[in-house]
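Take any residue in the sequence shown, note its place counting from 1, add 573, and you have its number in the numbering used here.
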Amino acid sequence: MGQSKKLLAGVIRNDRQMADARTIRYYDSSPHERAAQDQRPVEAQPPIGELRLDPLVNEWVAMAAHRQSRIFLPPKELCPLCPTTGDLLTEIPESDYEVVVFDNRSPSLRAPIGDWALPDQVGPDTDTGTAAGKCEVICFTAEHGNSFKDLSEQRVRVLLEAWIDRTEELSKESYIQHIAPFENRGEEIGVTISHPHGQIYAYSYLPPRVEKMLAAATTYKKQTNKILFDEVVAREIKDKVRIVAQNDRWIAFVPFAARYPFEIHVAPRNPVADLTGLTEQDRAAYAPIALEVMKRLDGVFGVEMAYIAAWHQAPVRVGRDVLRLHWQITSVRRAPGKLKYLAGSESAMGAFIMDVQPEQSAAQLREVIL
Ligand SMILES: [Zn+2]
Numbered sequence: 574m575g576q577s578k579k580l581l582a583g584v585i586r587n588d589r590q591m592a593d594a595r596t597i598r599y600y601d602s603s604p605h606e607r608a609a610q611d612q613r614p615v616e617a618q619p620p621i622g623e624l625r626l627d628p629l630v631n632e633w634v635a636m637a638a639h640r641q642s643r644i645f646l647p648p649k650e651l652c653p654l655c656p657t658t659g660d661l662l663t664e665i666p667e668s669d670y671e672v673v674v675f676d677n678r679s680p681s682l683r684a685p686i687g688d689w690a691l692p693d694q695v696g697p698d699t700d701t702g703t704a705a706g707k708c709e710v711i712c713f714t715a716e717h718g719n720s721f722k723d724l725s726e727q728r729v730r731v732l733l734e735a736w737i738d739r740t741e742e743l744s745k746e747s748y749i750q751h752i753a754p755f756e757n758r759g760e761e762i763g764v765t766i767s768h769p770h771g772q773i774y775a776y777s778y779l780p781p782r783v784e785k786m787l788a789a790a791t792t793y794k795k796q797t798n799k800i801l802f803d804e805v806v807a808r809e810i811k812d813k814v815r816i817v818a819q820n821d822r823w824i825a826f827v828p829f830a831a832r833y834p835f836e837i838h839v840a841p842r843n844p845v846a847d848l849t850g851l852t853e854q855d856r857a858a859y860a861p862i863a864l865e866v867m868k869r870l871d872g873v874f875g876v877e878m879a880y881i882a883a884w885h886q887a888p889v890r891v892g893r894d895v896l897r898l899h900w901q902i903t904s905v906r907r908a909p910g911k912l913k914y915l916a917g918s919e920s921a922m923g924a925f926i927m928d929v930q931p932e933q934s935a936a937q938l939r940e941v942i943l
């Protein structure tokens with residue numbers, strides 16, 4: 574039998590082994606026996622990939638060539654994230670589930686064997702590292718056709734508890750430096766399976782954007798003795814014009830210098846470093862604002878928005894006193910039938926050009942009738 578663990582809000586986690594020794598974790602809002610066995614034949618797992626340094630910008634690139642063969646937009650009858658029914662043996666052996674988290678079958682990053690360290694960065698002579706880390710898949714619902722916004726408040730709470738639990742557990746691994754739960758939705762941004770799900774990437778190095786945020790927050794703290802993100806939230810509360818939704822624990826706003834036509838940041842009013850710092854009141858108040866924001870996003874043009882929704886947390890070991898938890902949602906749709914493509918300025922130079930005023934997109938999001 575697997576292990577069982579009690580989380581807040583009555584959520585129970587049950588662990589099982591999959592046929593190929595990966596772990597699947599069931600998160601349920603009430604006790605369920607999760608005893609179904611994975612009946613599939615064992616397939617060999619791909620080997621660990623490599624980390625190569627791009628010395629021009631000092632950024633690690635994970636090489637995961639085995640991912641080329643992964644499943645691409647399967648029809649519903651072959652969806653690997655639906656529950657197992659009849660002859661369809663999926664990643665989830667049970668015939669129904671609430672939220673599950675399991676190790677990705679073709680992970681870009683995986684647990685290293687033995688001691689592990691990033692190679693020293695010495696320009697083009699930097700050694701190749703092994704692509705250490707963890708990649709997990711998190712399924713939000715057994716209902717194939719649904720989206721995040723269709724989930725019940727109770728289900729969003731189970732999902733939040735699962736994200737918190739994964740952050741807590743992955744943080745204990747000595748080789749993990751940063752944990753990023755995110756959801757990609759929509760074929761426009763490269764989603765390969767349309768079942769409502771997200772991923773949890775646990776990196777053995779700081780992702781470039783996190784490094785940049787850490788440097789900015791550290792400098793700001795030195796200069797002002799204040800926390801950068803807290804001041805950003807304070808400005809949004811003062812300016813009001815870019816606020817999209819709020820409740821007594823959370824605030825959602827289009828950032829002052831948004832990079833995407835529809836970009837929303839959602840932050841707890843009482844700042845914390847990562848998901849594990851959220852209080853019971855914060856956790857209870859997350860579902861209503863999360864669902865409202867997603868409904869507003871889909872309501873703007875009356876079409877399902879392609880988006881990336883990513884939790885930004887403080888890294889596991891550094892910057893915990895200057896970086897703050899928040900949820901960034903970015904959408905590439907700027908009008909019905911029109912997408913923003915990252916072209917020359919954005920892709921080649923990293924310099925964003927925005928043709929929608931953040932104050933205007935905030936107003937459009939506020940005007941959506943729910
Ligand atoms: Zn499915």
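Glycine included, each C-beta is placed from N, C-alpha and C at the ideal position.
Keep in mind that this is a model prediction, so the values were computed, not measured.
Please classify Lys799: does DSSP put it in a helix, a strand, or coil? The DSSP-derived three-state label of Lys799 is coil.
Measuring CB to CB, does Trp823 end up less than 8 Å from Arg842? Arg842 is positioned such that its CB atom lies closer than 8 Å to that of Trp823.
Cβ contact check for the segment 592–605 and the segment 722–742: 3 or more pairs under 8 Å: Three or more pairs of CB atoms, one per stretch, sit closer than 8 Å, so the segment 592–605 contacts the segment 722–742.
Which of helix, strand or coil does DSSP assign to Pro781? Helix, per DSSP.
By the three-class DSSP mapping on this structure, what secondary structure does Pro807 have? The identity of residue 807 in the sequence shown is Ala, whereas the question assumes Pro. In the three-state DSSP reduction, Ala807 falls in the helix class (H, G or I).
Proximity below 8 Å, CB of Val729 to CB of Tyr880: The answer is no: Cβ separation not under 8 Å.
When Asp723, Lys913, Glu853 are compared against Glu865, the one with the closest alpha-carbon: Looking at the Cα atoms, Asp723 is the closest of the given residues.
Which residue or residues does DSSP assign as beta-bridge partners of Thr657? The secondary-structure analysis by DSSP pairs Thr657 with nothing; it has no beta-bridge partner.
Proximity below 8 Å, CB of Ser720 to CB of Arg683: Here Ser720 is not near Arg683, since their CB atoms are 8 Å or more apart.
Measuring only the C-alpha atoms, how far is Ala840 from Gln612? Cα-Cα distance, rounded: 42 Å.
In three-state terms, what does DSSP make of Thr703? In this structure, Thr703 counts as strand in the three-state DSSP scheme.
For Ile762, the first and last residue of its enclosing beta strand (DSSP E): If you look at Ile762, you'll find it isn't in any beta strand (DSSP E); DSSP assigns it neither H nor E.
Out of Asp894, Tyr833, Leu870, Ala883, which has the shortest C-alpha to C-alpha gap to Leu915? Tyr833 is the residue among Asp894, Tyr833, Leu870, Ala883 whose C-alpha sits nearest the C-alpha of Leu915.
If we ignore side chains and look at the alpha-carbon of each, how far apart do Arg625 and Ser777 end up? Cα-Cα distance, rounded: 13 Å.
In three-state DSSP terms, what is Tyr599? If DSSP states are grouped into helix, strand and coil, Tyr599 belongs with the strands.
Cβ contact (3+ pairs, closer than 8 Å) linking the segment 668–677 and the segment 649–660: Segments in contact, yes.
Best match in Pro909, Val672, Thr852 for proximity to Ser725 [C-alpha to C-alpha]: Considering only alpha carbons, the answer is Val672.
Whether Ser679 touches Pro619 by CB criterion (8 Å): A contact, by the Cβ cut-off of 8 Å.
heavy atom of ligand 1 below 7 Å from Leu654 C-beta: Closer than 7 Å to some heavy atom of ligand 1: that describes the Cβ of Leu654.
Name the DSSP beta bridge partners of Gly771, please? According to DSSP, which records beta bridges pairwise, Gly771 is partnered with Ile711.
Look up Asp723 in the DSSP assignment and say whether it is helix, strand or coil. In the three-state DSSP reduction, Asp723 falls in the helix class (H, G or I).
Cβ-heavy atom distance between His885 and ligand 1 below 7 Å? Result no, Cβ not under 7 Å from ligand 1.
N- and C-terminal bounds of the beta strand (DSSP E) containing Arg586: It spans 585–590 - the beta strand (DSSP E) in which Arg586 sits, taken as one unbroken run.
Any heavy atom of ligand 1 within a distance shorter than 7 Å of the CB on His768? The closest heavy atom of ligand 1 lies less than 7 Å from the beta carbon of His768.
CB contact flag (Phe802, His899, <8 Å): Yes, the pair counts as a contact, with Cβ atoms nearer than the cut-off.
Within the present structure, is the beta-carbon of His838 separated from the nearest heavy atom of ligand 1 by less than 7 Å? Every heavy atom of ligand 1 is 7 Å or more from the Cβ of His838, so no.
Tell me whether the segment 787–795 and the segment 808–819 touch, counting them as touching only if at least three CB pairs, one residue from each stretch, are closer than 8 Å. At 8 Å Cβ cutoff, the stretches do not touch.
Which stretch, first to last residue, makes up the alpha helix (DSSP H) that contains Ser668? Segment: none, Ser668 is in no alpha helix (DSSP H) and carries neither H nor E.
Cβ separation of Val584 and Val805, assumed to be a contact under 8 Å, to the nearest whole Å: Not confirmed; about 32 Å, so no contact.
Ranges of the beta strand (DSSP E) found wholly within the segment 855–916, counting only runs of at least 3: Qualifying beta strand (DSSP E) stretches, in chain order: 880–885, 899–904, 906–908.
Looking at C-beta atoms only, is the number of pairs between the segment 695–713 and the segment 847–854 that lie closer than 8 Å three or more? The segment 695–713 makes no contact with the segment 847–854: fewer than 3 CB pairs, one atom from each, lie closer than 8 Å.
I need the boundaries of the alpha helix (DSSP H) containing Lys938, first residue and last residue. For the sequence presented, residue 938 should be read as Leu rather than Lys. First-last of the alpha helix (DSSP H) with Leu938: 931–940.
Roughly how far, in whole angstroms, is the beta-carbon of Val817 from the beta-carbon of Pro931, given that I think they are within contact range, below 8 Å? Taking a contact as a CB-CB distance under 8 Å, the pair Val817 and Pro931 does not count as one, their CB atoms being some 10 Å apart.
Cβ-Cβ distance between Arg897 and Pro844 below 8 Å: Against a cut-off of 8 Å, the Cβ pair of Pro844 and Arg897 comes out as a contact.
Helix or strand or just coil, what does DSSP make of Ala846? Note: Ala846 maps to coil in three-state DSSP.
Can you tell me where the beta strand (DSSP E) holding Arg625 begins and where it ends? Under the DSSP assignment, Arg625 falls in the beta strand (DSSP E) whose first and last residues are 623–627.
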